[in-house]
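Take a look at the structure below.
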Amino acid sequence: MRATVSGATPAVDDPGAEQAPAVLGRFLTKRTLLSILAAVIIVAVVVWRADIPWGEAWAKIRAANLLFYLLAIVVYYLSFVARGIRWQVLLANAGEVRKARRLAPLVLASFFVNCIVPAKMGDVYRAYLGRVRERIPGSKALGTVVSERLLDLCVLMLLLLASGAYIFHKRNSGALVPYVIFGALLMAVGIGLIVMMRAGRGMRVLRLLPDPIFRRYESFRSGAVSSLGRWPTLLVLTVAVWVCESGRLGLVIAALGFS
């Protein structure tokens, strides 16, 4: 199945594509341009309706520490180096050995898509790019991305608990409880699904599906389950990713002089 003129993305496991289209060419479609226009309109309306002290905001920007701001940019892009290495490890665990320097740009492209398209479609687009550029089975690539998101959730929960214990140890910590409960439920659901897929639960029902759909599910299951090997390495890389994200935010706050 080929991409249509309207910009529809082909199925991630389509073996017919020979080369990846240029990322810019993929973005400059009617559907993508309409998405960008809609995003611009929404942001414009929010900014127009918001009670923003523009004079104060502009003064903060003019007085910003340029060195801290540039360091924030460097740290932000270092996070994509860590993300690229982490995806390399996930794929290698699933039997797909690729170079991190070729994977990091795909991660960066997926973040760009997530900025202009809702519902985390950038993750699906990353799996698609992995298939057409790196010849990774699309469903397996998507499975590794899902496992990556589960790792992010687990590490974020640990960081939330650690920071919450530090910040609220002498204050009212009740404000943190709903977030902890919600995050713990998401973690439990995600880990439970991985455990069920690892155990092969529901295979009798799944085998009733048409063969192409079942094979894609098996590829996805393989990526999601197998990619979580070498978890200490993945844990360290995930912590590195979020240290970079936190560092970037801290540097921007410092650059603008906020306390």
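For the record, in the sequence shown the residue sitting at position 62 is 77 according to our numbering, with numbers rising by one throughout. All C-beta atoms, glycine included, are put in the ideal place defined by N, C-alpha and C.
Taking the C-beta atoms as reference points, V161 is found no nearer than 7 Å to L249. Listed in chain order, the non-local C-beta contacts of I151 below 6 Å within the same chain comprise E111, G145, local neighbours out to five positions each way being set aside. Put simply, the backbone Cα of G265 is about 12 Å away from that of I88.
Under the three-state reduction of DSSP, N129 is assigned to helix. Annotated as proximal: V170 and W257, with beta-carbon spacing under 7 Å.
The C-alpha of A109 is placed about 8 Å away from the C-alpha of K155.
Taking a 10 Å sphere around the C-beta of R236, we find 16 or more other C-beta atoms and assign the residue as buried. Secondary structure at L224: coil, using DSSP grouped into helix, strand and coil. Taking each of I67, A79, F273, W102 in turn and checking the Cα distance to D167, the smallest one comes out for W102.
In this structure, the beta-carbon distance from T159 to G99 does not fall below 7 Å. Within its own chain, the residues whose Cβ lies closer than 8 Å to the Cβ of R116, once the five positions on either side in sequence are excluded, are G99, listed in chain order.
Across the set A119, G137, L165, the C-alpha of G137 shows the shortest separation from the C-alpha of F127. The Cβ neighbour count for S242, taken over all protein chains shown within 10 Å, is at least 16; the residue is labelled buried. Unbroken alpha helix (DSSP H) runs of no fewer than 4 residues, entirely contained in the segment 45-107, are found at 45-64, 69-77, following chain order.
A direct Cα-Cα distance of roughly 13 Å separates A65 from A72. Residues of the same chain with a CB within less than 6 Å of the CB of A255, apart from the 5 flanking positions on each side, are A97 in chain order.
Pairing L224 with R230, the inter-Cα distance amounts to about 9 Å. Between V90 and R263 a beta carbon distance of about 5 Å is seen, short of the 8 Å cut, so the two are scored as contacting. The beta carbon of A142 lies closer than 7 Å to those of V27, G153, A156, L157, V160 in the same chain, with the five residues before and after it left out. Looking at the backbone, the Cα of V251 and that of W63 are separated by about 42 Å. In this structure, DSSP gives V254 a helical state, which the three-state scheme calls helix.
The beta carbons of M172 and G198 sit closer together than 7 Å. With 16 or more other Cβ atoms from the protein chains shown falling within 10 Å of its own Cβ, L165 counts as buried.
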